[in-house]
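This report concerns only the one structure given below.
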Amino acid sequence: MGSGVRTAVIVSLAFLWGTLPLPLAGSAAQAWADSNGLRLFEELQSVITDLAERVKPSVVNVFPTQGPGRSKDTPRERAPNAPGSGSGVIIDAQGHILTNNHVVGDATEVEVRLSDKTKFIAQVIGKDPDTDLAVLKVTTDRALPFAKLGDSGGVKVGQWVLAVGNPFGLDRTVTLGVVSGIGRENMNLSRYENFIQTDASINPGNSGGPLFNVHGEIIGINTAIINFAQGIGFAIPSNMAKQVFQQLVSRGKVVRGWL
18 MGSGVRTAVI VSLAFLWGTL PLPLAGSAAQ AWADSNGLRL FEELQSVITD
68 LAERVKPSVV NVFPTQGPGR SKDTPRERAP NAPGSGSGVI IDAQGHILTN
118 NHVVGDATEV EVRLSDKTKF IAQVIGKDPD TDLAVLKVTT DRALPFAKLG
168 DSGGVKVGQW VLAVGNPFGL DRTVTLGVVS GIGRENMNLS RYENFIQTDA
218 SINPGNSGGP LFNVHGEIIG INTAIINFAQ GIGFAIPSNM AKQVFQQLVS
268 RGKVVRGWL
């Protein structure tokens, strides 16, 4: 085939290709809508949204009402609360609430507000400054929504987590992230440290709120951030919180052995 003929064939093919109809935007959109990839994203999104709706009712606003007031947050690394407020989570049908000691401070009674805006006066059952945990109790005949404490011993770096709290008074704000590290210590936040590090956004007012796994189990109690840094928050592991909770409920204080 001569060079002139080859050139003519190439030009003709190019012309024919140019006349073929290109996929319309609508067709492309429909193809994407029908793709396995989008269905996977939608399923994933549904898991997260369903999880958020399921766990949010267990989270409460905490407002100390009686006593000298809250202890002050450390200026560099403790997550400061909105004035006079923090977060907590109901952990059983008896109305026990876990929160941070630094949220409660010296108060003997606190007001808690549920997701339906109902307000209760909660008794301070006990506080443990060494782990920055406190237990409150609401007494009522109504059934209260609650979330279960999970096993933080199985937490792995990279797993997804959901933080729920009331930053700046914005009720039940949900943020999604991953576990960035485990066993964090030497942070000068409390005497006993074994923090879960997360990049789920934690802001003033989140203190005392829960960190959930994808099963809706509490794996941590959010307690601190590093100021002037982004995506570095810390939560007290749920296994530590369980031990403290049991002693505060049974004894009103935590008793530790000494060598």
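Each position in the sequence shown, counted from 1, maps to that position plus 17 in the working numbering. Glycine residues also receive a C-beta, built at the ideal position from the N, C-alpha and C atoms.
Item	Value
Return helix, strand or coil for Val266, following the three-state DSSP convention.	helix
Please list the terminal residues of the continuous beta strand (DSSP E) segment that includes Arg130.	126-130
In whole angstroms, give me the CA-to-CA distance for Leu115 and Ile238.	8 angstroms
Suppose you measure from the CA of Gly250 to the CA of Arg268; what does that come to, to the nearest Å?	31 angstroms
In chain order, what residues of the same chain have a beta carbon less than 8 angstroms from the beta carbon of Val64, not counting five sequence neighbours either side?	Val231
Suppose you measure from the CA of Ala246 to the CA of Val272; what does that come to, to the nearest Å?	35 angstroms
Does DSSP put Ile138 in a helix, a strand or coil?	strand
Using a 10 Å radius around the Cβ and a threshold of 16 neighbouring Cβ atoms, would you call Phe5 buried or exposed?	Nothing about residue 5 can be reported from this structure: the residues present for the chain run from 18 to 276 only.
Quick one: what's got a C-beta closer than 7 angstroms to Thr148's C-beta in the same chain, skipping five residues either side?	Ser207, Tyr209, Ile253, Met257, Val261
Check Ile65 in the structure and name its three-state DSSP category.	helix
Would you kindly check if the distance between the Cβ of Val72 and the Cβ of Gly233 is under 8 angstroms?	yes
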